[in-house]
Structures are given as C-alpha cells and as structure tokens.
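> Chains as they are written, first to last, in this note's numbering: chain U, 1 to 311; chain W, 1001 to 1249.
Backbone N, C-alpha and C fix where the C-beta goes; we use that ideal spot for every residue, glycine too.
Attaching a single structure in structure tokens format; questions to follow.
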Amino acid sequence: MNNLKSPRPVIQVSGIRKTYGRTVAIDEVSFEVNDGEIFGLIGPNGAGKTTTMECIEGIRTLDRGTISVLGLDPFRQVYKLQDRIGVQLQQAQLQKRIKVWEAIDLWASLYKKKPADAERLLDQLGLADKRDAWFMNLSGGQKQRLFIALALINDPEVVFLDELTTGLDPQARRAIWDLVRGIRERGKTVFLTTHLMEEAERLCDRVAIIERGRIIDIDTPQRLVDRHCPERTVVLATDDLTAEERFRAIPRIESLERSDMQFTIRGRGEDLVTEVIHCLSENRMRVTDFRMIVPNLEDVFLKLTGHSIRD
Amino acid sequence: MLRGLWKLTWIEIKVFMREPLGAFGTIGFPVVVFLVIGRVAGRNIPAPSLATSGFLRVGLPVLVALLIAVSSVISLVTIVSIYREGGILKRLRATPLRPQTILTAHVIVKLALTAATLALMVLAGKRYYPIGIHVPWFGFTIALLISTLCILSIGFLIASIVPTARFAQPIGAAILYPMIGISGLFTPLDSMPPVLHAAALALPMTYAVSLLGGIWKGDAWSAHRGDVAALALVFFVCTALSAKVFRWE
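Dropping the structure here:
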C-alpha cells in the first residue's frame, strides 16, 4: 500500500562524517528513510552503525554533513525531536533496583504528548507479570522488551532500535521481530541496526550496507541479492539415463556437475529454475530430490566486502 | 523546564533505599555511631559552661555537619560515575529529560538525605549534648545547605573528570577530606604554616567552617557575607566548569 503513494522521507542523511580523535568512524554517509518502512543499517561490529544512529538521534555532533529527521535538525532541536521519536540504545542499562512500572511511569511523564496505554504496552510485550520486578532481576529478553516498551511509550513517529536482538536466544529473537512488525503496522517508521543478516532479511523493507564507515549499497534485500548475487543453483536427483544430456541442452546454464545420480546445475537469474522444471516435465523425468540454493544477504555482504560479516 | 524532575527524584530516593546498605549506611549508621559514642562518653563530657569546651561546643557540630555533607557528595560522585559507566546517563539523555534535570534530581536526593541525617543527629544529640538547645537551627540549616551546594559543585567537577567508577570514591575522598583538615576547624588559620594558610584560604571548606561555626554560635548573617560570597563563587565556577567538561558516557 505504501507503494501507491510516492515515498515521503522522514529521515534524510546527507554526506555525514564523524571522527573520534584520529579515527574516522563514518564518512560520506547518505541515505533516506521513508515514512512507514522498516529500514535497516547492516554491517559488522565497528562499521559505524551505532555512530550513525546516534548522530540521527541527536546525541552526537557531526563533523560534516546534514541530517533532517521529521523536518528537524537533530542536534539543534534535540528536545523537540526526542518528543517525537522513540529510542532503544545498544547495551543500555537502567538503575539496578528500579521497578518495571516505575521506569514506564517515569518515561511516560517525560513527554508532552499523551503517553501510550502503559498497561496495554506491558501486556503486548509480555511484561505484565513483571511490573513489580527490579530491572536487575530481568532476563536479557525481558530487559530488551522493557527497552522497546520505553521506546514506544510516547507513541513516537519514528522508532530507533540499535542491535535489539543481540544476545537473545532464537525464540526471543523471533518474538521481538513480531513486535517490530507490529510497530510498522501501526504506521510508524522503524530505523534499526543489526549485524544479523537473517534479521535484516526477514524484517527490513530496505537495508543499507555499511562497511568501515561507508555505505556500500542501499535497496530492498531481494533487489540487493538479485543485483549482486544473481547466481542460482538447483540440486536434484534423478535415475533418468538421459538426464545429463538433456540438462546440458538447457539454455544459459553455466555449469553442470554430476555425482552418481545427483546433479548440481548452476546458472544466473530467476529463469534458471523455470528452465530446469520445464525440462523435467517435458521429458517426464522421475525426480527423487529437488532443492534450490538461493543466495542471501550474507552472500551479498561477502561479495561486496570480500569477507564474511562474522569476521 | 524541569519536566519529570519530581518523578525522577522520587524514583532515585526509592532506588537508593532499596540498596542493601543504602538507607542504613547513609542515615542510620552515623546516628548509631553518634548514640554509642554519646552513651560511652556522655558522662565524661564537661559541663557546657566551661570555657575549655570550645571545640565541643562549636567545632564538633560543624565537623559532624560537614562530614555528612562530604559523605553524601562522595556518594553522589560515585553514583554519577556508576550511572555513566552503566549507560544509564546515556539512556536518560536519549529522552526529552534535560541534563540539568537528571543532575538536579540527584542533588535534591542528596540534600534530602543530608537534612534527614542531620535532623536525626540533632534529635539523638539532644540527649547527650544539651548545649544545642539555643542554637539557631533554621539559620544553621540554611548555612549547611549553602555549604553542601558548594561542596556538591566540587563533587560534580570530580564526577565529570574521574575516569572510572572505581576511582570515583577514593578520588572524591582524597580531595574533600583533607580540605576539612586544613579548614581551620582543628588548628586556627593564624597558627598554620604560611603555605597551608594560603591553601586554606583558597579552599571553600574554610569558608564553610567559618560560616557554619559562626551561625552556630549565634553570629549575624551580615558578619559572614564574605563566607557566603566565597562559597557562591566556588559554586558558580565549579558548576560552569563541570557543565563544560561533563561526560555522559
């Protein structure tokens, strides 16, 4: 539905640079985040994700470049801006012995706008039975959910989430992803950072890949994969004796490997799969196994940077 | 505008009271020590009318008041540096909370604890030190508030520049306690070696002692305009400096 109207940027970042001493953290970083999308900044640790995000949130000054968020200058109009955004910081802590409801209550009192329904928020985030627990006694997942609750308490127009599932188990991670999708469904814009490619792929409408302080490419995960990793691989098993010969006749295949009855067919573009299936059905070949290997963002990252994101 | 100040202050008080040694260590412990000393030494204390009891009559109350103020300032320095190290300051900063609101809340908590401890001490002390009856309590409280605010501003300057939370407490203690030592409380300023005398005149604690002692004895405020001016000057200089160099993370 967002495709129907022309995208309206709510965050505009243009040519920003930030140095710490002699270290250049980010340089010439530019991108736009549109209204109502989940935008991900992805890259390995130390690539400049958090620095970029904190500059946009107005808690760091820029050396160069301009940023506009909701039409505001994040540094000069930081209080005006913070009223309209929600922020979850990486590795943040609260007072050890603050209770969950006290934190929510405090945060709710800080904003000019009428706060979101705190009880409902706690309920949605599965914290209702923890409202009297001390912060220090919460699990990692519960702390993250509390931070999400705090980021949403002022019913913000843009929500910033920095590495929000780091350190969580896969189940807690999936639960948090559902929550983030829920934020978008309520019409909010989400700006997040992650070094988890799976998270970016499953959650983000568009991603920007950042490496050593510079943006390498920006697009939807699908288009990034199509652009940088168009290779497709089909692995299948058949006992048809004519198979090898027929597969070789498929247009545009780049390589064919055979090991016993198993064939690995490589080619480029979406059409490869169609061609293979067409060949199988036309020749009425019996197939006992059929798998596709489709590249993902992880492969895109590897190709663009020459190393894995985990290195 | 200090939105959220009272809520934050109240939460900080509650959080502090939940610390294992928070409430007792800060308020209860000094009072208990005071009571024990009073019980043991009480009978041996000479009658207040004796001229020899000058330190007991004026010096001791001033010392007690300053120690309470200094210990609460040191605990403030520690809390600020722990909050900074744990990212709590940064988290609070990423809200519309003004920095001055966060710091003001902590100052109010510490002033309230100082006042509460002092009140308990006075109640406890009345039994053993009947000399306190004619003391101008209101004036003394105001004088202590002024002195504490001045020491707090030094505390914030220390908190702004200590590298880690681990050093906050020792550095705070190493700076503040010696100031009391040469404040003229134990040795009259005139009988100090010239170097110490000059140092004492440059340090705010000297003026705090002069102000507190004077008010306790019943001096008029007009006699201590210089002390108040000196404390105010230190307060403004330290506050301005820490506003420049304060680190949030």
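Looking at the unbroken beta strand (DSSP E) that takes in Met292 (chain U), where does it start and where does it end?
The residue given as residue 292 (chain U) occupies position 292 in the first sequence. First-last of the beta strand (DSSP E) with Met292 (chain U): Val287 to Ile293.
> Just to confirm before moving on: does the CB-CB distance between Ile38 (chain U) and Ile104 (chain U) stay below 8 Å?
Sequence index remark: in the first sequence, residue 38 (chain U) carries index 38 (1-based). Sequence index remark: in the first sequence, residue 104 (chain U) carries index 104 (1-based). It is not a contact, given that the beta carbons lie outside the stated cut-off.
> Tell me whether the beta-carbon of Leu29 (chain U) lies closer than 8 Å to the beta-carbon of Val10 (chain U).
Taking the first residue of the first sequence as 1, we reach residue 29 (chain U) at position 29. Taking the first residue of the first sequence as 1, we reach residue 10 (chain U) at position 10. One detail in the question is off: residue 29 (chain U) reads as Val in this sequence, not Leu. No, they are not a contact pair.
> Quick check: is the beta carbon of Gly1004 (chain W) nearer than 8 Å to any beta carbon in chain U?
As a position in the second sequence, residue 1004 (chain W) is number 4, starting the count at 1. At least one chain U Cβ lies under 8 Å of Gly1004 (chain W).
> Which same chain residues end up closer than 8 Å to Ile210 (chain U) when comparing Cβ atoms and leaving out the 5 residues on each side of it in sequence?
Counted from its first residue, the first sequence places residue 210 (chain U) at position 210. Same-chain partners within the cutoff: Ile26, Val29, Leu41, Ile42, Gly43, Ala47, Gly48, Lys49, Thr52 and Ile216.
> Shorter than 8 Å from the beta carbon of Val1015 (chain W) to some beta carbon of chain U?
Counting from 1 along the second sequence, the entry for residue 1015 (chain W) is found at position 15. So yes, Val1015 (chain W) belongs to the interface.
> With a cut-off of 8 Å, does the C-beta of Ala1105 (chain W) fall near any C-beta of chain C?
In the structure shown, chain C cannot be found, because the protein chains are U and W.
> Considering only their Cβ atoms, is the gap separating Ala1159 (chain W) from Ala1168 (chain W) smaller than 8 Å?
Along the second sequence, one-based indexing puts residue 1168 (chain W) at 168. Along the second sequence, one-based indexing puts residue 1159 (chain W) at 159. The answer is yes: Cβ separation under 8 Å.
> Pick helix, strand or coil for Tyr1083 (chain W), following the three-state DSSP scheme.
Here residue 1083 (chain W) refers to the residue found at position 83 when the second sequence is read from its first residue. Reduced to three states, the DSSP call for Tyr1083 (chain W) is helix.
> Does DSSP put Gln12 (chain U) in a helix, a strand or coil?
Counted from its first residue, the first sequence places residue 12 (chain U) at position 12. It is a strand residue.
> Terminal residues of the continuous alpha helix (DSSP H) containing Phe1140 (chain W)?
In the second sequence, residue 1140 (chain W) corresponds to position 140, counting from 1. First-last of the alpha helix (DSSP H) with Phe1140 (chain W): Trp1137 to Ile1161.
> Do you know how far the Cα of Glu1012 (chain W) is from the Cα of Glu1249 (chain W)?
Sequence index remark: in the second sequence, residue 1249 (chain W) carries index 249 (1-based). Sequence index remark: in the second sequence, residue 1012 (chain W) carries index 12 (1-based). Computed Cα separation, rounded: 20 Å.
> Could you compute how far the alpha carbon of Asp226 (chain U) sits from the alpha carbon of Gly269 (chain U)?
Numbered from 1 along the first sequence, position 226 holds the residue referred to as residue 226 (chain U). Numbered from 1 along the first sequence, position 269 holds the residue referred to as residue 269 (chain U). Each residue's Cα considered, the two are about 8 Å apart.
> Could you name the residues of chain U that Pro1096 (chain W) contacts, counting a contact when the two beta carbons are closer than 7 Å?
As a working mapping, residue 1096 (chain W) is identified with position 96 in the second sequence. By Cβ distance, chain U contributes Tyr79, Gln82, Asp83, Leu110 and Tyr111.
> Identify which residue in W:Thr1095, W:Lys1090 and W:Val1135 has its Cα closest to the Cα of Asp1219 (chain W).
Within the second sequence, numbered from 1, the residue matching residue 1219 (chain W) stands at position 219. For Asp1219 (chain W), the nearest C-alpha among the options comes from W:Val1135.
> Give the interface partners of Arg22 (chain U) over in chain W, defined as CB-CB distance under 9 Å, in chain order.
Here the question's residue 22 (chain U) lines up with position 22 in the first sequence. In chain order: nothing, as chain W lies at least about 19 Å away.
> Nearest-angstrom Cα distance between Val207 (chain U) and Val69 (chain U)?
On the first sequence, position 207 is the one that residue 207 (chain U) refers to. On the first sequence, position 69 is the one that residue 69 (chain U) refers to. Those two C-alpha atoms are separated by around 18 Å.
> Near Leu1176 (chain W), what residues of its chain come up, given a Cβ to Cβ distance below 6 Å and the 5 sequence neighbours on each side ignored?
One-based indexing of the second sequence puts residue 1176 (chain W) at position 176. Val1070.
> Using the Cα positions of Gly1025 (chain W) and Arg1166 (chain W), report the straight-line distance between them to the nearest angstrom.
The sequence position of residue 1025 (chain W) within the second sequence is 25, counting from 1. The sequence position of residue 1166 (chain W) within the second sequence is 166, counting from 1. Straight-line Cα distance between these residues: approximately 19 Å.
> Could you name the residues that DSSP lists as bridge partners for Glu185 (chain U)?
As a working note, residue 185 (chain U) is residue 185 in the first sequence. BP columns for Glu185 (chain U) are empty, so no partner.
> Kindly indicate if chain U contains any beta-carbon less than 8 Å away from that of Gly1087 (chain W).
On the second sequence, residue 1087 (chain W) is found 87 positions in, with the first residue counted as 1. Closer than 8 Å to some Cβ of chain U, the Cβ of Gly1087 (chain W) qualifies, so yes.
> Quick one: list the residues of chain W neighbouring Ala92 (chain U), beta-carbon separation under 7 Å, in chain order.
As a first step, residue 92 (chain U) is located in the first sequence; it is residue number 92 there, counting from the start. Those are Gly1087, Lys1090 and Arg1091, listed as they occur along chain W.
> Within the continuous alpha helix (DSSP H) that includes Phe314 (chain U), where are the two ends?
As displayed, chain U neither begins before 1 nor continues past 311, which places residue 314 (chain U) out of reach and without an answer.
> On the DSSP bridge assignment, give the partners of Gln88 (chain U) in chain order.
Stepping through the first sequence from its first residue, residue 88 (chain U) is reached at position 88. U:Leu161, per the DSSP bridge assignment.
> Any contact between the segment 131-146 of chain U and the segment 88-98 of chain U? By contact I mean 3 or more CB pairs, one from each, below 8 Å.
The segment 131-146 of chain U, when compared against the segment 88-98 of chain U, does touch it at the 8 Å Cβ threshold.
> From the DSSP output, in three-state form, read off Phe1186 (chain W) for me.
By 1-based counting over the second sequence, the position of residue 1186 (chain W) is 186. Note: Phe1186 (chain W) maps to coil in three-state DSSP.
> Do the segment 1112-1122 of chain W and the segment 1088-1095 of chain W meet, that is, are 3 or more Cβ pairs less than 8 Å apart?
Too few Cβ pairs lie closer than 8 Å, so no.
> Do Ile16 (chain U) and Leu62 (chain U) count as a contact pair if the criterion is CB distance below 8 Å?
Locating residue 62 (chain U) in the first sequence gives position 62, counting from the first residue. Locating residue 16 (chain U) in the first sequence gives position 16, counting from the first residue. Against a cut-off of 8 Å, the Cβ pair of Ile16 (chain U) and Leu62 (chain U) comes out as a contact.
> I believe Val294 (chain U) touches Ala237 (chain U) by the beta-carbon criterion, under 8 Å. Please report the beta-carbon distance rounded to the nearest angstrom.
As a first step, residue 294 (chain U) must be located in the first sequence, where it is residue number 294. As a first step, residue 237 (chain U) must be located in the first sequence, where it is residue number 237. Going by Cβ atoms, the distance from Val294 (chain U) to Ala237 (chain U) rounds to 19 Å, so no, they are not a contact pair.
> Anyone know if the C-beta pair for Leu1211 (chain W) and Val1228 (chain W) falls short of 8 Å?
Position 211 of the second sequence, counted from the start, is the residue given in the question as residue 1211 (chain W). Position 228 of the second sequence, counted from the start, is the residue given in the question as residue 1228 (chain W). Against a cut-off of 8 Å, the Cβ pair of Val1228 (chain W) and Leu1211 (chain W) comes out as a contact.
> Taking all protein chains shown into account, do 16 or more other C-beta atoms lie within 10 angstroms of the C-beta of Val1036 (chain W), making it buried, or fewer, making it exposed?
What you label residue 1036 (chain W) is simply residue 36 of the second sequence in a count that begins at 1. Exposed, by the Cβ-count rule.
> My understanding is that Phe75 (chain U) touches Gly58 (chain U), with C-beta atoms under 8 Å, so please give their C-beta distance in whole angstroms.
Taking the first residue of the first sequence as position 1, residue 75 (chain U) is located at position 75. Taking the first residue of the first sequence as position 1, residue 58 (chain U) is located at position 58. So it is a contact: roughly 5 Å between Cβ atoms.
> In chain order, what residues of the same chain have a beta carbon less than 6 Å from the beta carbon of Thr66 (chain U), not counting five sequence neighbours either side?
As a position in the first sequence, residue 66 (chain U) is number 66, starting the count at 1. Here the set comprises Ser14.
> When we look at the beta-carbon of Ile1161 (chain W) and count the other beta-carbons within 10 Å, is it buried (16 or more) or exposed?
By 1-based counting over the second sequence, the position of residue 1161 (chain W) is 161. So Ile1161 (chain W) ends up on the exposed side.
> I'd like to check one pair, Cys229 (chain U) with Lys113 (chain U): are the Cβ atoms closer than 8 Å?
By 1-based counting over the first sequence, the position of residue 113 (chain U) is 113. By 1-based counting over the first sequence, the position of residue 229 (chain U) is 229. No, these two residues do not count as a Cβ contact at 8 Å.
> Looking at the structure shown, is Lys18 (chain U) part of a helix, part of a strand, or coil, going by DSSP?
Within the first sequence, the letter at position 18 stands for residue 18 (chain U). DSSP places Lys18 (chain U) in strand when its eight states are reduced to three.
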